[in-house]
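Numbering (the working numbering), first residue to last: 2 to 155.
This is how it looks when you write it as structure tokens:
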């Protein structure tokens, strides 16, 4: 019986087929092979289905992960774009600030010069001559005190 048990018990990928009693003769062997092939096909079909389900589940999981990463990338790219725009605006504001400072310094220096000229009461010809020189000299970044000192020294 041990020979018959070993031939009737077959393992297919961890599955054990047992308890089948086979008849004797050529038909029995053919029936045994047919039943074995049918059992093997059924088991194989179950394994393939299980593998496909596993692959589908893994694909869904990966899709969800990648989708969130794509969303994060989209948010990150928008954030980066906003930072670039903010940096551009910041640099433009710095340039405007420097221009305004320069204008204020020039205006203050000219105001100080006019006040000093008024106090000293130059003649109109010397005042015009002096102011032409002041316009050229005040293009430097001078404080009002520098301008007054320059006027008094000349």
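Glycine included, each C-beta is placed from N, C-alpha and C at the ideal position. As the structure is a prediction and not an experimental result, all values here were calculated from the model.
Residue 64 and residue 104 have their C-alpha atoms roughly 59 Å apart. Exposure of residue 80 is indicated by the presence of fewer than 16 other C-beta atoms within 10 angstroms of its C-beta. Within 10 angstroms of the beta-carbon of residue 34 lie fewer than 16 other beta-carbons, which makes it exposed.
The C-alpha of residue 39 is placed about 27 Å away from the C-alpha of residue 57.
Only buried fits residue 110, as 16 or more other CB atoms lie within 10 angstroms of its CB. In the same chain as residue 53, and ignoring 5 residues on each side of it, no C-beta atom comes closer than 8 Å to its own.
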